[in-house]
Ligand code: FE
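In the working numbering, the protein residues as written are 1 to 228.
What follows is the structure, encoded as structure tokens:
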């Protein structure tokens, strides 16, 4: 079996958010699908370990924000590599309360969908929440971020809790060493640099200023380790 076949599937990139009483949380998800149009219904796959999973299961409401392709890595890192159990993710983010009071994230969002859960499917590590839309709108025009764009162009790593995570192995020996963040797993590729963080493509890791931090999780440069 060649699991690389799974890389040929195409996904978008979304913030899925929910609430539990007054508590709000959101996370990055790539598995959001429209499954019927009459009535408009979507499905979202969420890892059972995530706080957002607990919130959706309890409140039966969720909101999906479609992320713009120009969203910075730090925004994706904020929702994708941090847990709402450790920080208040919504504290520093612009959002509005939806019909169901689910928090609709408006930062870096092109559009949003809000749904009430009508069915849940247990698929082992994840639950697929099926929801009927109760709200939706376009926030601004632009190109939606695809999972492929994020993975290949922005060159982040896939969190191990993502449904589409597949163990990756290095195939080519790089000219300049790549360095991996020991906190979140993001890989610094010298050929790509970190343009969002002011590091030009072609900059060896060793030449990055000491006050530079991981664009995904904010870890210090000293938290990176050289990859073989
Ligand atoms: Fe990191």
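Glycine residues also receive a C-beta, built at the ideal position from the N, C-alpha and C atoms. Note that this is a predicted model, so its numbers are computed, not measured.
Could you check whether the Cβ of residue i sits closer than 7 angstroms to any heavy atom belonging to the ligand FE?
i, result
"residue 183", "yes"
"residue 186", "yes"
"residue 208", "no"
"residue 220", "no"
"residue 76", "no"
"residue 216", "yes"
Looking only at its chain, what residues have a beta carbon closer than 7 angstroms to the beta carbon of residue i, apart from the 5 residues adjacent to it on each side?
i, result
"residue 169", "Because residue 169 sits at a pLDDT of 48, beneath the cut-off of 50, its placement in the model cannot be relied upon, and the following sentence gives the value as read from the coordinates. If we look at residue 169 and ignore the five residues flanking it on each side, it has no Cβ neighbours."
"residue 208", "199 and 221"
"residue 177", "205, 226 and 227"
"residue 173", "For residue 173, the predicted model reports a pLDDT of 45, less than 50, meaning its position is unreliable and no value from the coordinates is stated."
"residue 53", "46, 47 and 127"
"residue 71", "108 and 145"
Sorted by chain position, which residues of the same chain lie with C-beta nearer than 6 angstroms to residue i's C-beta, five sequence neighbours on each side aside?
i, result
"residue 135", "98, 99 and 114"
"residue 13", "30, 67, 145, 147 and 150"
"residue 84", "25 and 51"
"residue 211", "none"
"residue 40", "133"
"residue 143", "69"
Could you check where the alpha helix (DSSP H) with residue i kicks off and where it finishes?
i, result
"residue 59", "51 to 59"
"residue 126", "Unbroken run through residue 126 is the beta strand (DSSP E), 126 to 138; no alpha helix (DSSP H)."
"residue 75", "73 to 80"
In the DSSP assignment, the beta strand (DSSP E) including residue i goes from what residue to what residue?
i, result
"residue 24", "23 to 29"
"residue 113", "109 to 123"
"residue 19", "14 to 20"
"residue 37", "32 to 37"
"residue 102", "Where residue 102 is concerned, there is no enclosing beta strand (DSSP E), given that its DSSP letter is neither H nor E."
"residue 225", "224 to 226"
"residue 204", "Premise fails: residue 204 is in no beta strand (DSSP E) and is neither H nor E."
"residue 40", "40 to 47"
"residue 179", "179 to 181"
"residue 97", "95 to 97"
Give me the Cβ distance between residue i and residue j, rounded to the nearest whole Å; I'm assuming they're in contact under 8 angstroms.
i, j, result
"residue 108", "residue 75", "5 angstroms"
"residue 43", "residue 103", "Not a contact, Cβ separation roughly 20 angstroms."
"residue 89", "residue 55", "About 11 angstroms separates the two Cβ atoms, so there is no contact after all."
"residue 79", "residue 15", "5 angstroms"
"residue 110", "residue 196", "Actually they do not touch by this definition, with Cβ atoms about 19 angstroms apart."
Near residue i, which residues of its chain fall below 8 angstroms by C-beta distance, leaving aside the five closest residues on each side in sequence?
i, result
"residue 116", "60, 61, 100, 131, 132 and 134"
"residue 193", "199, 200, 201, 202 and 203"
"residue 224", "179, 180, 181, 182, 188, 205 and 214"
"residue 77", "156, 184, 186, 214, 215, 216, 217 and 218"
"residue 106", "65, 94, 95, 96, 112 and 139"
"residue 1", "none"
"residue 35", "41, 42, 43 and 130"
Would you check whether the ligand FAD has a heavy atom nearer than 7 angstroms to the C-beta of residue i?
i, result
"residue 47", "This structure lacks the ligand FAD; its bound ligands are the ligand FE."
Exercise. Do three or more CB pairs link the region 44 to 57 to the region 116 to 127 at distances below 8 angstroms?
Worked result: yes
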